[in-house]
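Peer 1: In my numbering, the protein residues as written are 40 to 330.
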Amino acid sequence: MKLSELLKSDKFSLSFEVFPPKTDMAFDSVKHATEEIAKLRPSFMSVTYGAGGGTSRYTLEIAKNIKEHYSVPTLAHLTCVSSTKETVHEKIEAIKEAGIQNVMALRGDLTPELEKSDRSKWAYRHAIDLIHDIKASGADFCIGGACYPEIHPESANQKEDIKYLKEKVDAGCSFLTTQMFFDNNLLYNFLYKIRESGITVPIIPGVMPITNGNQVERAIKLSGSFMPQRFKSLVDKFGTSPDAMKQAGIIYATDQIIDLFANGITNVHVYSMNKPDVAAKIQSNLSDILG
Ligand code: FAD
40 MKLSELLKSD
50 KFSLSFEVFP
60 PKTDMAFDSV
70 KHATEEIAKL
80 RPSFMSVTYG
90 AGGGTSRYTL
100 EIAKNIKEHY
110 SVPTLAHLTC
120 VSSTKETVHE
130 KIEAIKEAGI
140 QNVMALRGDL
150 TPELEKSDRS
160 KWAYRHAIDL
170 IHDIKASGAD
180 FCIGGACYPE
190 IHPESANQKE
200 DIKYLKEKVD
210 AGCSFLTTQM
220 FFDNNLLYNF
230 LYKIRESGIT
240 VPIIPGVMPI
250 TNGNQVERAI
260 KLSGSFMPQR
270 FKSLVDKFGT
280 SPDAMKQAGI
290 IYATDQIIDL
300 FANGITNVHV
310 YSMNKPDVAA
320 KIQSNLSDIL
330 G
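1. Can you tell which of K41, A102 and M266 has the C-alpha that lies nearest to the C-alpha of P59?
2. Compute the Euclidean distance between the alpha carbons of K124 and Y163, then round it to the nearest angstrom.
3. Would the beta-carbon of Q218 be found less than 7 Å away from any heavy atom of the ligand FAD?
4. When you compare the stretch 127–145 with the stretch 189–206, are there three or more beta-carbon pairs, one atom per stretch, that lie closer than 8 Å?
5. Buried or exposed for G303, going by 16 or more other Cβ atoms inside 10 Å?
6. How about N306 and S52: do their beta carbons lie closer than 8 Å?
7. On a CA-only basis, which of S54, K47, K50 and H171 is nearest T216? Give me that one, please.
8. Mind checking who M143 pairs with in its DSSP beta bridge?
9. From D294 to E44, what distance separates their C-alpha atoms?
10. Could you tell me which residues DSSP pairs with L53 in its beta bridges?
11. Report the rounded CA-to-CA distance for H108 versus S159, giving the unit in angstroms.
12. Grab me the residues of L2's own chain with a C-beta within less than 6 Å of its C-beta, minus the 5 sequence neighbours each way, in chain order.
13. Between G211 and the rest of its own chain, which residues show a CB-CB distance below 6 Å, the 5 nearest in sequence each way excluded?
14. List the DSSP bridge partners of T216.
15. Please report the straight-line C-alpha distance between K202 and M219, rounded to a whole angstrom.
16. Taking S68 as the reference, which of P315, N324 and A319 has the closest Cα?
17. Cβ of V246 within 8 Å of Cβ of A292?
18. By Cβ distance, which residues of its chain are closer than 7 Å to P281, with the 5 residues on each side in sequence left out?
19. Looking at the secondary structure, which residues open and close the alpha helix (DSSP H) in which M284 lies?
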């Protein structure tokens, strides 16, 4: 099912993100974890591409398994930044052949090596270049893009970031998923600004449950997200007690989701990080709301 159809529903729902295994040996355990998450019957599941060290060649295998065996709509991520046209076109064909209807078109992060290389030689410089190629391939995908309530770290300012975001949407994105954030007011402020700029596609807020103290630093480094004092206090107090931190992180994320639902959002994307227990707990915390 295309997410553009699914997102028309006014029923509250959760979707979950998983990532592919980092090694061949980890394949079975990752597959099992993603299957356990699929059994929760989320509105859809997204499978990252190379992010978090996951091996990109497994993105499709995991997405296909979830779709075919659990009938959960899937969203396959695809990045383009260090790729040739040929590789990207092969990937687009493979997604099409796997019967996956939803593609998250991303540029991908710049490694220190890429930062230094000559960008004029790159086949793809921005996600919009990938979106153009997906469209040109003739494949009938529902395309998603990434957006940043706290501004993409490379952007000079929010105005510029939103200008490029609008171009990305106009090129063919049917929805946008946000970077993680820990203060919902930042999301509401962002929504106001992007609606004002003429972006009307559905926005799926991304919420990351922080379930261990060590995860905090990495999450902040990757996302550049602002840590509200309320969250910092929680990490200070429980960060070194694994069970307590896990419980507090799940409750914090649940609280964020309830507030989002109460303020007009219907689907929240949970960065569930291949953790079925965390996904299940958040879902059960919201059982009466999700219905
Ligand atoms: P772009 O849309 O290209 O934007 C990158 C920067 O370039 C921004 O500052 C933007 O304002 C600017 N820009 C955009 N278009 C133009 C233009 N035409 N001219 C000049 N400047 C422009 N990474 C992975 O490796 N794998 C994943 O699976 C993955 N999934 C993600 C999912 C979500 C929801 C999010 C938010 C991020 C994800 N990422 C993933 C990380 C993502 O690849 C990085 O954040 C990356 O730095 C930017 O990707 P983008 O698609 O937003 O890039």
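We put the CB at the ideal spot given by N, CA and C, even for glycine.
Peer 2: Let me spell this out:
1. The count along the sequence shown starts at 1 and reaches residue 59 at position 20. Of the listed residues, the one whose Cα sits closest to P59 is A102.
2. Within the sequence shown, the letter at position 85 stands for residue 124. Within the sequence shown, the letter at position 124 stands for residue 163. C-alpha separation (whole angstroms): 8 Å.
3. Indexing the sequence shown from 1 puts residue 218 at position 179. Because some heavy atom of the ligand FAD lies under 7 Å away, the Cβ of Q218 counts as near it: yes.
4. Flag = no, the stretch 127–145 and the stretch 189–206 do not touch.
5. Start at 1 with the first residue of the sequence shown, and residue 303 comes out as number 264. G303 comes out exposed.
6. On the sequence shown, position 267 is the one that residue 306 refers to. On the sequence shown, position 13 is the one that residue 52 refers to. In this structure, S52 lies closer than 8 Å to N306 by Cβ.
7. Counting from one through the sequence shown, the residue named residue 216 turns up at place 177. Ranking the options by Cα distance to T216, first place goes to S54.
8. Here residue 143 corresponds to residue number 104 of the sequence shown, with the count starting at 1. As computed with DSSP, M143 is found in a beta bridge with H116 and G183.
9. Within the sequence shown, numbered from 1, the residue matching residue 294 stands at position 255. Within the sequence shown, numbered from 1, the residue matching residue 44 stands at position 5. When rounded, the distance between both Cα atoms is 27 Å.
10. Counting from one through the sequence shown, the residue named residue 53 turns up at place 14. Looking at the DSSP assignment, L53 forms a beta bridge with V307.
11. By 1-based counting over the sequence shown, the position of residue 108 is 69. By 1-based counting over the sequence shown, the position of residue 159 is 120. Going from the Cα of H108 to the Cα of S159 covers about 43 Å.
12. No information on residue 2 is available, as it lies outside the stretch 40 to 330 that the chain covers here.
13. In the sequence shown, the residue the question calls residue 211 occupies position 172. Excluding sequence neighbours, G211 sits near I170, K174 and I182.
14. Sequence index remark: in the sequence shown, residue 216 carries index 177 (1-based). Paired residue(s): A185 and I243.
15. On the sequence shown, residue 202 is found 163 positions in, with the first residue counted as 1. On the sequence shown, residue 219 is found 180 positions in, with the first residue counted as 1. Distance between the alpha carbons of K202 and M219 is about 21 Å.
16. Here residue 68 corresponds to residue number 29 of the sequence shown, with the count starting at 1. Of the candidates P315, N324 and A319, the one whose C-alpha sits nearest the C-alpha of S68 is P315.
17. Here residue 246 is taken as the residue at index 207 of the sequence shown, counted from 1. Here residue 292 is taken as the residue at index 253 of the sequence shown, counted from 1. Pairing V246 with A292 gives a Cβ-Cβ distance under 8 Å.
18. Numbered from 1 along the sequence shown, position 242 holds the residue referred to as residue 281. Excluding residues within five positions, the ones whose Cβ falls inside 7 Å are N251.
19. As a first step, residue 284 must be located in the sequence shown, where it is residue number 245. Segment P281 to A301, the alpha helix (DSSP H) holding M284.
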